[in-house]
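I have placed the structure first, in the form of structure tokens, so that the comments after it can refer back to it.
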Amino acid sequence: MTSGPNIALLWRGQAAEWTHRFHEARQWPVLYRDEAVREIRDELLSCDAALVWVNPLDISGDRSQLDPMLREVAGCGVVVSAHPDVIAKIGVKEVLYTTRSMEWGSDVDRYVDAEGLRARFPEHLAAGPRVLKPNYGNGGRNVWRVQLDEAGNAPALKTSVKVQEARQGSKSERISLAECLERWVPFLNDGGVLIDQAYQPQSSEGMVRCYVCGHRVVGFGHNLITALMTPTAIDTTSSTPQPMGRAMFGPEVTRFAALRKAMEDRWIPEMQRLLSIADHDLPLLWDADFLFRPGEAISDGSYALCEINASSVAPFPPSAVQPVCRAVTNQANGAPANC
0 MTSGPNIALL
10 WRGQAAEWTH
20 RFHEARQWPV
30 LYRDEAVREI
40 RDELLSCDAA
50 LVWVNPLDIS
60 GDRSQLDPML
70 REVAGCGVVV
80 SAHPDVIAKI
90 GVKEVLYTTR
100 SMEWGSDVDR
110 YVDAEGLRAR
120 FPEHLAAGPR
130 VLKPNYGNGG
140 RNVWRVQLDE
150 AGNAPALKTS
160 VKVQEARQGS
170 KSERISLAEC
180 LERWVPFLND
190 GGVLIDQAYQ
200 PQSSEGMVRC
210 YVCGHRVVGF
220 GHNLITALMT
230 PTAIDTTSST
240 PQPMGRAMFG
250 PEVTRFAALR
260 KAMEDRWIPE
270 MQRLLSIADH
280 DLPLLWDADF
290 LFRPGEAISD
300 GSYALCEINA
310 SSVAPFPPSA
320 VQPVCRAVTN
330 QANGAPANC
């Protein structure tokens, strides 16, 4: 009798945190730390596959040493998911710009230098509130809603604007547009990218997180994102509503059937074409966050992409476990994922 493939689960943290979630696969924990990167490389080379959960912006460290090691391991034939090169395509805010022509797209601009930011952002702001975010980020850090104090023509640099960070508990400020833009210039240093997206007014419908294994939807999460909602009065004492915990659903839930069909039939294949991602390179667990467009009935056309997460997708619904186990086992055995 032959045994199944050896699958490593790689993350930072404690050994008991993850292994129980994938009890159907023959797996063991590999706890990552930069100072042991070469030893961990050798351990992964003895595996058939590695599922990786490492946040690139965690207080424990970044992925500057991890990603080159994972590329080396993948080059030796070990299945690595998500591969760093794929994360660099979809797990960054720039995906909003590269896929803006898709049905899930919205009004998005991209800045690579201070000149472009100063030239184009005021014109966009004249049309309505905007959300500025760096290419890399999570938890609402450095994600800011910007809007004019008073609607009007293209604002001057001295014009007063209201700004609010997406981190829970952040307070709104009134500053000049010039000061606002100067806050963002450092994010453009050393090849940095800023993404500028039209603000999608939050509604009682909240945000939908679509969990995906390869090209198959394996579950949904739904919660109310309140961090950028307008308080009753914007001043230094008012606060936003409290967020609602995320409710998890399996892929068959009726309320998101149109979104599932759009993702599987059109949007994922189109994203793959735009970004040159082969089927076998799609992460075995990733998610796409969608905001509801204002004033539209719930259908596949009512969703606007907010971001894609691929480097450290957690938590996830129980319905994702079996498809991910099956997919990683198939890929480790040299077969298509077939989530």
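Going left to right, the sequence shown walks through residues 0 to 338 as numbering that gives the first Met the number 0 numbers them. Glycine included, each C-beta is placed from N, C-alpha and C at the ideal position. Note that the coordinates shown come from a computational prediction; the quantities given were computed from them, not determined experimentally.
Starting from the Cα of R374, find the closest Cα among D61, V51, P67, E178 and give me that residue. In this structure the chain extends from 0 to 338, so residue 374 is not present and cannot be described.
My output table needs one value for R62: the three-state DSSP class, helix, strand or coil. coil
Does G213 pass the burial test, meaning 16 or more other C-beta atoms within 10 Å, or should it be called exposed? buried
Where the alpha helix (DSSP H) containing K170 begins and where it ends: For K170, there is no enclosing alpha helix (DSSP H), as DSSP gives it neither H nor E.
When Q271, F289, L116 are compared against P282, the one with the closest alpha-carbon: Q271
Sequence ranges, beta strand (DSSP E) only - wholly within the region 112-137, length at least 3: 129-133
Would you mind sorting C305 into buried or exposed? The rule is 16 or more other CB atoms within 10 Å of its CB. buried
Of all the beta strand (DSSP E) runs that stay within the bounds of the region 21-54, which reach a length of 3 or more residues? 26-30, 48-52
Would you decide whether I58 is buried or exposed? Buried here means 16 or more other CB atoms lie within 10 Å of its CB. exposed
Is the region 258-274 touching the region 97-115 in the sense that three or more CB pairs, one from each, lie closer than 8 Å? yes
Is DSSP giving P4 helix, strand or coil here? coil
Return the chain-ordered list of same chain residues with a C-beta closer than 6 Å to the C-beta of E269, the five sequence neighbours on each side being excluded. M101
For the putative contact between K157 and A126, defined by C-beta atoms under 8 Å, what is the C-beta separation to the nearest angstrom? Not a contact, Cβ separation roughly 20 Å.
Which two residues bound the contiguous alpha helix (DSSP H) that contains A257? 256-261
The alpha helix (DSSP H) enclosing D84, as first and last residue numbers: 83-89
Compute the Euclidean distance between the alpha carbons of E263 and V217, then round it to the nearest angstrom. Straight-line Cα distance between these residues: approximately 11 Å.
Here's a check: name, in chain order, each residue in its chain whose Cβ is nearer than 7 Å to the Cβ of D112, leaving out the five neighbours to either side. Taking C-beta separations shorter than 7 Å and ignoring five residues to either side along the sequence, the partners of D112 in its chain run L187, following chain order.
Let's see if you can read the secondary structure: which residues bound the alpha helix (DSSP H) around Y347? In this structure the chain extends from 0 to 338, so residue 347 is not present and cannot be described.
Please determine if the region 67-86 and the region 179-193 are in contact, where contact requires at least 3 C-beta pairs separated by less than 8 Å. no
For V252, the first and last residue of its enclosing beta strand (DSSP E): Run containing V252: none; DSSP gives neither H nor E here.
Cβ-Cβ separation, L124 to V145 (assumed contact under 8 Å), whole Å: 6 Å
Cβ separation of L223 and G249, assumed to be a contact under 8 Å, to the nearest whole Å: Wrong, their Cβ atoms sit about 21 Å apart, outside the cutoff.
Along the chain, where does the alpha helix (DSSP H) that runs through Y96 open and close? 94-97
Inter-residue spacing [alpha-carbon to alpha-carbon] between D47 and M247: 31 Å
I'd like the span of the beta strand (DSSP E) that includes I276, first residue to last. Careful: I276 lies outside any beta strand (DSSP E) and carries neither H nor E.
What's the call for S169, buried or exposed, on a 16-neighbour Cβ count within 10 Å? buried
I'd like to know whether the C-beta atoms of D41 and V107 end up nearer to each other than 8 Å. no
Nearest-angstrom Cα distance between Q64 and A334? Here the alpha carbon of Q64 sits roughly 30 Å from the alpha carbon of A334.
Grab me the residues of S175's own chain with a C-beta within less than 8 Å of its C-beta, minus the 5 sequence neighbours each way, in chain order. L156, K157, T158, S159, V160
Could you work out which residue in Y302, G244, T328, G220 is closest to P317 when comparing CA atoms only? G220
Between A341 and I89, which are expected to be in contact by the criterion C-beta below 8 Å, what is the C-beta distance as a whole number of angstroms? Absent from the model: residue 341. The displayed extent of the chain is 0 to 338, so no value can be given.
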